[in-house]
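Enquirer: For the sequence shown, the residue numbers in my numbering are 56 to 336. Here a beta-carbon is modelled for each residue, glycine too, at the ideal position from N, C-alpha and C. Since the model is a prediction, treat every value here as computed from it, not as a measurement.
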Amino acid sequence: MINLGKKFAFKLLTIALIFTAGVLTAWAFWLEPRSLTVQNYVLQFSHEKSLPALRIGVVSDVHLGRYFSDEARLERIVGMLLKEEPDMIVFLGDFVAQRNADAFLKAAHQMKKLKAPLGVYSILGNHDWWANKEQISEALKSNGVRLIDNQVVELTWKDHPFHLVGFGDFWEDKELLDFIASYKKSDLPTIGLTHNPDVFPETKKDISLMLAGHTHGGQVNFPIVGAPIIPSRYGDRYRYGLISEKDHHILVTSGTGNSILPVRFRVPPEIVVVEVGFKAN
Numbered sequence: 056m057i058n059l060g061k062k063f064a065f066k067l068l069t070i071a072l073i074f075t076a077g078v079l080t081a082w083a084f085w086l087e088p089r090s091l092t093v094q095n096y097v098l099q100f101s102h103e104k105s106l107p108a109l110r111i112g113v114v115s116d117v118h119l120g121r122y123f124s125d126e127a128r129l130e131r132i133v134g135m136l137l138k139e140e141p142d143m144i145v146f147l148g149d150f151v152a153q154r155n156a157d158a159f160l161k162a163a164h165q166m167k168k169l170k171a172p173l174g175v176y177s178i179l180g181n182h183d184w185w186a187n188k189e190q191i192s193e194a195l196k197s198n199g200v201r202l203i204d205n206q207v208v209e210l211t212w213k214d215h216p217f218h219l220v221g222f223g224d225f226w227e228d229k230e231l232l233d234f235i236a237s238y239k240k241s242d243l244p245t246i247g248l249t250h251n252p253d254v255f256p257e258t259k260k261d262i263s264l265m266l267a268g269h270t271h272g273g274q275v276n277f278p279i280v281g282a283p284i285i286p287s288r289y290g291d292r293y294r295y296g297l298i299s300e301k302d303h304h305i306l307v308t309s310g311t312g313n314s315i316l317p318v319r320f321r322v323p324p325e326i327v328v329v330e331v332g333f334k335a336n
């Protein structure tokens, strides 16, 4: 009887483990990669000059053309952004997957639907450079998106000026280092856009809040062990979320798409809506 009981318990345990493994596999390779959430942040910082609360819609790493990311996905992203009614919309690059821009070029017209009081802005990511940055740039511009790689844009929100700074891709843009070297810190609140968070240590002294993508949050984040693969020279330091280093802040989004493998585990695809304000010292 004891042996039979042990055998039965072992069978139950085996079945339970197989079932659990199946559920987790389905979740990681099918359900979570297809999901899309809105992650909200409300931030208030001190600064030399004030800026009333500004609502920014942030999208990164769409990776159109691979792993569940097609025109319908982009249309869904656009629709969700519009429902959030942001004051400004920014894209942080990697519109395409690998070296193929075709899917994005066919779907880019969806971005023409985007409207925001302060406009729609973007920078390019490494995949955009690897595919065809000229074609991607033209597709963005022709659909109402302003590209600001290695540029400073002065904007005004409720009679308060601020700067929006776009940084070129850390891996591919040969003009980036010259731009960083020549950039002069402003006394205005300054929001930076970078595809790769590895730019942050070199620029944080000049930026009030940096917005970044690229890491996908690791795509897979195991309990205890964490994320085994993070495409950053700083490892887990800028993997995901809001990171503050003294008075310097960077917000890294996990993005909406997938790269290398069609898998997400405990790092769901997201659109970020950040409401940020600056109070004068």
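Under the three-state reduction of DSSP, which class applies to Tyr-293: helix, strand or coil?
Expert: Three-state result, Tyr-293: helix.
Enquirer: Based on the DSSP secondary-structure assignment, which residues constitute the bridge partners of Pro-216?
Expert: Note: Pro-216 sits in a beta bridge opposite Thr-211.
Enquirer: Asn-187 lies in the alpha helix (DSSP H); which residues open and close that run?
Expert: Here the alpha helix (DSSP H) through Asn-187 covers 181 to 196.
Enquirer: Return the first residue and the last residue of the alpha helix (DSSP H) that Ile-284 is part of.
Expert: Looking at the DSSP string, Ile-284 is not in any alpha helix (DSSP H), and its letter there is neither H nor E.
Enquirer: Residue ranges of each alpha helix (DSSP H) run of no fewer than 4 residues wholly in the region 90 to 141, ordered along the chain?
Expert: Whole alpha helix (DSSP H) segments, 4+ residues: 126 to 139.
Enquirer: With a threshold of 8 angstroms on Cβ separation, who are the neighbours of Leu-169 within its own chain once the five nearest residues in sequence on each side are excluded?
Expert: Excluding residues within five positions, the ones whose Cβ falls inside 8 angstroms are Val-133, Leu-136, Leu-137, Ile-144, Val-175, Gly-199 and Val-200.
Enquirer: Starting from Val-333 and walking both ways along the beta strand (DSSP E), at which residues does that stretch end?
Expert: Here the sequence assigns Phe to residue 333, which means Val is not the residue at that position. First-last of the beta strand (DSSP E) with Phe-333: 325 to 335.
Enquirer: In or out: Met-56 buried (at least 16 other Cβ within 10 Å) or exposed?
Expert: Its pLDDT being 47, under 50, Met-56 is placed unreliably by the model, and nothing is read from it.
Enquirer: Would you kindly check if the distance between the Cβ of Ile-305 and the Cβ of Pro-252 is under 8 angstroms?
Expert: Going by C-beta atoms, Pro-252 is nearer than 8 angstroms to Ile-305.
Enquirer: Indicate whether Leu-248 and Phe-225 have their beta-carbon atoms separated by less than 8 angstroms.
Expert: No; because the gap between Cβ atoms is not below 8 angstroms, this pair is not in contact.
Enquirer: Kindly give me the distance between the Cβ atoms of His-303 and Lys-259, rounded to whole angstroms, as I take these residues to be in contact under 8 angstroms.
Expert: Yes, His-303 and Lys-259 are in contact; Cβ-Cβ is about 4 angstroms, under 8 angstroms.
Enquirer: I need the boundaries of the beta strand (DSSP E) containing Ala-267, first residue and last residue.
Expert: That run of the beta strand (DSSP E) goes 264 to 267.
Enquirer: Could you have a look at Thr-245 and say whether DSSP puts it in helix, strand or coil?
Expert: DSSP places Thr-245 in strand when its eight states are reduced to three.
Enquirer: Apply the 10 Å Cβ neighbour rule to Ser-101 and answer buried if 16 or more other Cβ atoms are within range, or exposed otherwise.
Expert: Per the 10 Å Cβ criterion, exposed.
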